[in-house]
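2 protein chains.
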Amino acid sequence: MKLTSKGRYAVMALADLAQFDSINPVSLRDISLRQGISLDYLEQIFLKLKKNQIVKSIRGTHGGYVLSKKPNEIKLNNIFYAVDEKVKTVQCKKESKKGCNGKATKCVTHNLWDELETHINSFFEKKSLEDLLKENIERRI
Amino acid sequence: MKLTSKGRYAVMALADLAQFDSINPVSLRDISLRQGISLDYLEQIFLKLKKNQIVKSIRGTHGGYVLSKKPNEIKLNNIFYAVDEKVKTVQCKKESKKGCNGKATKCVTHNLWDELETHINSFFEKKSLEDLLKENIERRI
DNA sequence: ACATTCCTGACTAAATTGGTCAAGTATAGA
DNA sequence: TCTATACTTGACCAATTTAGTCAGGAATGT
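Protein chains in written order, with the numbering used here: chain A, 1 to 141; chain B, 1001 to 1141.
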């Protein structure tokens, strides 16, 4: 099981945005410099965040991105979902001759991953961007 | 985030073992046939399970593998740990100039993955091989 | 006009996954 | 003792995924 950088970058970038977008849109260039993430890679990530209505874009000279919701309304699972960082559980294939095929002999792991998915999602559903920022401020003190 | 087949196979194989090892050791060949898992791949997996004292091996003609503990003493996180199916979170590199470097400006995701790890492990720690088998029997009824 | 910034698709090196292949060693039973 | 069975170990490999890079374009403020 693995959590990739893409999801981490998305969270970092959005946290950055949440701190700086109060008045002006924030350019990816700024985020790239502050967070040390490749600009080209950020563009890919923000394309997905935009498609999922997590951010809005403003083009042009002083353009950039702005959160489209309040930080407390953006849950981490929204972010991960947006950048395709899903909890992919390797399911038993239905075509398989042995094991899982709808018969009485279902393989023992058949429902296990579903349970785990629910468990992990509940963790991410509870946590918002705002929570994350608060925790960070607390740790600094 | 992804759960790989290796962990799933390990769980399936051990569940198989738990059902059949009451008297005689179970050969990987049998498990391979019953569960539809490649024999060569099973060998790699059982090598690790053995190193982690989850199974014992008996060589020779009627040899095979046996659980080295009772099914209720083998938790799923023991299994996943044994086959290197850890919750690998992509941490912020310490060498990175920006962000996480021990200074006041820790990146916001710094402790997030640790929390998640704890959360996931608590799920696997609670669940034993025996629980899994019970659930499976219940579902059949 | 032109610099800035978003937008999009194509490409790629490295790592991981899910195996296969080959060559052992140990043991039980005939 | 011979032999089949089954564990043991290491090397190898194709397909996929990841974490980017590269190149060009389109919109917009100054």
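Beta carbons: idealized from backbone N, C-alpha and C, even for Gly.
Note that the structure is predicted; figures quoted are calculated from it, not measured.
Along the length of the stretch 1025 to 1083 of chain B, whole alpha helix (DSSP H) runs at least 4 residues long occupy 1028 to 1035, 1039 to 1051 and 1076 to 1082, reported in chain order. By DSSP's assignment, S128 (chain A) forms a beta bridge with A:K75. With fewer than 16 other beta carbons inside 10 angstroms of its own, K1051 (chain B) counts as exposed. Neighbourhood of T1109 (chain B) in chain A, by CB distance below 7 Å: R8, V11 and M12, in chain order. Residues of the stretch 35 to 50 of chain A whose Cβ lies closer than 7 Å to any Cβ of chain B, in chain order: Q35 and G36.
Of all residues in the stretch 115 to 126 of chain A, only L116, H119, I120 and F123 come within less than 7 Å of chain B when Cβ atoms are compared, listed by chain position. Within the model, the alpha-carbon separation for R140 (chain A) versus E1125 (chain B) is close to 32 Å. By the beta-carbon neighbour count (other beta carbons within 10 angstroms, threshold 16), D16 (chain A) is buried. The DSSP-derived three-state label of N136 (chain A) is helix. In the structure shown, S1122 (chain B) falls within a helical segment according to DSSP collapsed to helix, strand and coil.
Of the candidates B:T1004, B:L1049, B:V1055 and B:H1110, the residue whose Cα lies closest to the Cα of K1070 (chain B) is B:V1055. From the listed residues A:G60, A:H110 and A:L133, the smallest Cα separation to V26 (chain A) is found for A:G60. Shown here, V1011 (chain B) sits in a helix according to DSSP, grouped into three states. Put simply, of B:G1007, B:K1048, B:K1086 and B:A1013 the residue whose alpha carbon is nearest the alpha carbon of L1028 (chain B) is B:A1013. Taken through DSSP and simplified to helix, strand or coil, D21 (chain A) comes out as coil.
The beta carbon of N1136 (chain B) falls within 8 Å of a beta carbon belonging to chain A, placing the residue at that interface. For the set A:N78, A:Q53, A:K75 and A:N72, the Cα lying nearest the Cα of V66 (chain A) is the one of A:Q53. For the 8 Å CB-CB criterion, E85 (chain A) and K6 (chain A) form a contact.
Taking a contact as a CB-CB distance under 8 Å, the pair S1032 (chain B) and L1047 (chain B) does not count as one, their CB atoms being some 15 Å apart.
L28 (chain A) is outside the set of residues whose beta carbon lies under 8 Å from a beta carbon in chain B. Neighbours of A1015 (chain B) across chain A, judged by C-beta separation under 7 Å: V108. Taking C-alpha positions only, T4 (chain A) is separated from K134 (chain A) by approximately 24 Å. Against chain B, the CB of L67 (chain A) has no partner CB under 8 Å away; the residue lies outside that interface.
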